[in-house]
Amino acid sequence: MAAELTAHQLIAKHRPTLDQALETIRTRAYWSPHPEHPKAYGENGSLSLPEGKAAFDALQGTRFDLDQPGTDDWVGGEVSPYGPELGITYPHPDVDTLLPAMRAGMRAWRDAGAEVRAMVCLEILSRISARTHEFAHAVMHTSGQAFMMAFQAGGPHAQDRGLEAVAYAYVEQSRTPDAAEWTKPQGKRDPIALNKRFTPVARGISLMIGCNTFPTWNGYPGLFASLATGNPVLVKPHPRAVLPLALTVRIAREVLVDAGFDPNLVCLAVERPDEGIAKTLAVRPEIKLIDYTGSTSFGDWLEANARQAQVYTEKAGVNTVVVESTDNYKGMLANLAFSLSLYSGQMCTTPQNLLIPRDGIRTDAGAKSYDDVVADLAASVNGLLGDDARANGILGALVNPDVKSRLEAAAGLGEVALPSREIANPEFPDAVVRTPVIVKLDGAKPDAEAAYLSECFGPVSFAVAVDSATDAVELLRRTVRDKGAMTVGAYTTSEEISAAVEETCLEECAQLSLNLTGGVYMNQTAAFSDFHGSGGNPAANAALCDGAFVANRFRVVEIRKDA
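If you want my numbering, it's the 1-based position in the sequence shown plus 960.
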């Protein structure tokens, strides 16, 4: 097929961006090529806010054709957490036809080389970025995120994570030179000389299993890490959140064609209701890589059963905060209140357990008892969410009925320090919007342990009374070791406690945020600088993003000849 975008054009356009990404993952400094503010869009071919909304509206009630092989049905059924049915149908695959077709373009994609593959990936991300407002509405109405969060997390932050994965993929593939001349001296005899060529070779088809809450943010790292290392990617979205990833696949296929490659290097697999196609695909011999974000039970099943594939999972953990002392009590409360409330706690990094000594803590506002800390935190959450309009902008909507059920059940687990309340959304009357609940538990009681040592995904937090800061650190260690944690927090002015928490996180392999009291929160991570998860505790077996996340997606094949 004729290429509208030559390798030279792609390199001229995108190499400076890749070079900056490479420098930033080295320095871990702040940088993003994707604007975070909605007003930054609307020029140079990008969609403005009204244009993005119009594009999203135009998709509703349509058939989303991708012209990919093996389509045997049209399926859909997405309903926005804000109420409206999207009414979009997508191609359902006959996998016996689709999978062989996906392999057909692998040779040309391999032979293009790591740099060209990276440039094609950056062109895909560039076109996605131009449609950020369209993606924002797609993410909002499939995940339940409030618009601003859907815009930022589903748009520029997700695009940053995709670019980060491309940068790491390029680093790992270029670590070995393309060719080498090898000469071994033989004393008086002629030296032995060989010409050697080294080629990164893809493992095979990569299956990306999307999640409901962050379809692009969690999906892009695996998708772009696999594509940049030469693997075709089959995208299997969560049935409630198909549209953002379907748009991604459509754009990727268009770019591949424009660059002269087979569009079937990226395909979509949408399932019928209760079909469970992910389980079927996961054990197919053609599938050599799997990226998954979701429940621990299915993540464990993938790790145990998809033995032919390299499996990367982000599952569930019990995120924990040790509260021992602070020199900014008001800032600590405000930071925690926002962390508990953002997107109704429906983030894999939301704090769940707050470990507070039952004798209280030292603060710049004087000594505070356990009851004082919990009551003041409840008041801080109430202050943050007291205005319904602001609350809707922070909380979004509950993504599914299971979250609502867990929230309601949590009130029966202990003394409720902060009851959840219902908030009306005037624009979307059918949206289920709830404020967080905070439940007080005694860490010494076995029945309480069953509650706080289980993940309760959603706007539920436990204020766990412990005997001392030392006990809090020991409970933190046990929690991370047994249940895993995507992130850990601590507030302390004690060098001894700080050192103990740091050592615990180093030994148990958990990412730690210490004494956050400003505009950075424990449940947020920045691409190119922060690692999301560690891959070293039960919450996840991979980190977004490091060298290990990409290096095993390809192997290096050597061909040597006599010089």
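Cβ atoms here follow ideal geometry from the backbone N, Cα and C, with glycine treated the same way. Predicted, not measured: the structure shown is a model, and the values here were computed from it.
Rounded straight-line distance, which links the Cα of residue j to that of residue i
{"i": "A1429", "j": "P1379", "result": "27 Å"}
{"i": "F1388", "j": "Y1042", "result": "6 Å"}
{"i": "A1357", "j": "T1310", "result": "16 Å"}
{"i": "L1183", "j": "R1210", "result": "14 Å"}
{"i": "D1032", "j": "T1057", "result": "10 Å"}
{"i": "Q1133", "j": "K973", "result": "21 Å"}
{"i": "M961", "j": "T1273", "result": "Caution applies to M961, whose pLDDT of 49 falls short of 50 and renders its modelled position unreliable; the model cannot decide the point."}
{"i": "F1298", "j": "V1448", "result": "16 Å"}
{"i": "E1527", "j": "A1423", "result": "The structure shown does not extend to residue 1527, since the chain is modelled only from 961 to 1523, so the question has no answer here."}
{"i": "L1228", "j": "L1315", "result": "44 Å"}
{"i": "S1329", "j": "L1373", "result": "22 Å"}
{"i": "A1072", "j": "R1267", "result": "30 Å"}
{"i": "C1505", "j": "D1336", "result": "37 Å"}
{"i": "M1446", "j": "T1022", "result": "38 Å"}
{"i": "F1016", "j": "M1108", "result": "16 Å"}
{"i": "H968", "j": "I1088", "result": "21 Å"}
{"i": "D1324", "j": "A1432", "result": "21 Å"}
{"i": "K1013", "j": "G1478", "result": "33 Å"}
{"i": "S1008", "j": "A1338", "result": "39 Å"}
{"i": "E964", "j": "A1242", "result": "35 Å"}
{"i": "D1522", "j": "R1091", "result": "52 Å"}
{"i": "F1258", "j": "K1248", "result": "18 Å"}
Burial state of residue i (16 or more Cβ within 10 Å)
{"i": "G1164", "result": "buried"}
{"i": "A1238", "result": "buried"}
{"i": "K999", "result": "exposed"}
{"i": "K1148", "result": "exposed"}
{"i": "Q1471", "result": "buried"}
{"i": "G1317", "result": "Strictly speaking, residue 1317 in this sequence is Pro, with Gly absent from that position. Buried."}
{"i": "L1466", "result": "exposed"}
{"i": "P1406", "result": "exposed"}
{"i": "A1503", "result": "buried"}
{"i": "G1444", "result": "buried"}
Residues that residue i bridges to, as DSSP identifies them
{"i": "S1473", "result": "G1449"}
{"i": "C1227", "result": "L1194"}
{"i": "Y1050", "result": "V1035"}
{"i": "Q1270", "result": "L1249"}
{"i": "R1063", "result": "Looking at the DSSP assignment, R1063 forms no beta bridge with any residue, so it has no partner."}
{"i": "F1509", "result": "Bridge partners of F1509: none, in fact."}
{"i": "K1521", "result": "N1155"}
{"i": "S1166", "result": "V1193, L1249"}
{"i": "H1097", "result": "H1097 is not bridged to any residue."}
{"i": "N1497", "result": "A1500"}
{"i": "D1362", "result": "Bridge partners of D1362: none, in fact."}
{"i": "I1321", "result": "K1328"}
Beta-carbon proximity check, residue i vs residue j, cutoff 8 Å
{"i": "L1026", "j": "R1213", "result": "yes"}
{"i": "N1172", "j": "N1360", "result": "yes"}
{"i": "Q1119", "j": "L1082", "result": "no"}
{"i": "E1284", "j": "I1250", "result": "no"}
{"i": "L1154", "j": "R1437", "result": "no"}
{"i": "P1419", "j": "L1367", "result": "yes"}
{"i": "V1035", "j": "E1263", "result": "no"}
{"i": "G1507", "j": "A1500", "result": "no"}
{"i": "P1396", "j": "S1365", "result": "no"}
{"i": "R1394", "j": "E1409", "result": "no"}
{"i": "L1019", "j": "L1203", "result": "yes"}
Cβ shell of residue i (< 7 Å), same chain only, five flanking positions each side left out
{"i": "T1189", "result": "A1129, Q1133, P1160, A1162, V1510, R1513, F1514"}
{"i": "K1144", "result": "P1151, I1152"}
{"i": "W1177", "result": "A1113, G1114, H1117, A1118, R1121"}
Own chain, CB closer than 6 Å to residue i, minus 5 neighbours either side, in chain order
{"i": "T1136", "result": "F1158, V1516"}
{"i": "A1110", "result": "A1096, V1099, M1100"}
{"i": "Q980", "result": "none"}
{"i": "V1440", "result": "E1468, A1470, N1497"}
{"i": "G1489", "result": "Sequence check: residue 1489 is Ser here, not Gly. Excluding positions up to five away in sequence, the list reads R988."}
{"i": "F1104", "result": "As written in the sequence, residue 1104 is Gly, which differs from the Phe given in the question. Correct list, in chain order: P1041, G1356, A1357, V1359."}
{"i": "A1106", "result": "G1353, G1356"}
{"i": "P1044", "result": "none"}
Other residues of its chain near residue i: CB distance less than 8 Å, five sequence neighbours each side excluded
{"i": "Q1028", "result": "P1051, P1053, L1058, A1061, R1213, P1223, N1224, C1227, L1228"}
{"i": "V1281", "result": "L1296, P1311, N1313, L1314, L1315, V1448, G1449, A1450, Y1451, M1482"}
{"i": "I971", "result": "E1075, V1076, M1079"}
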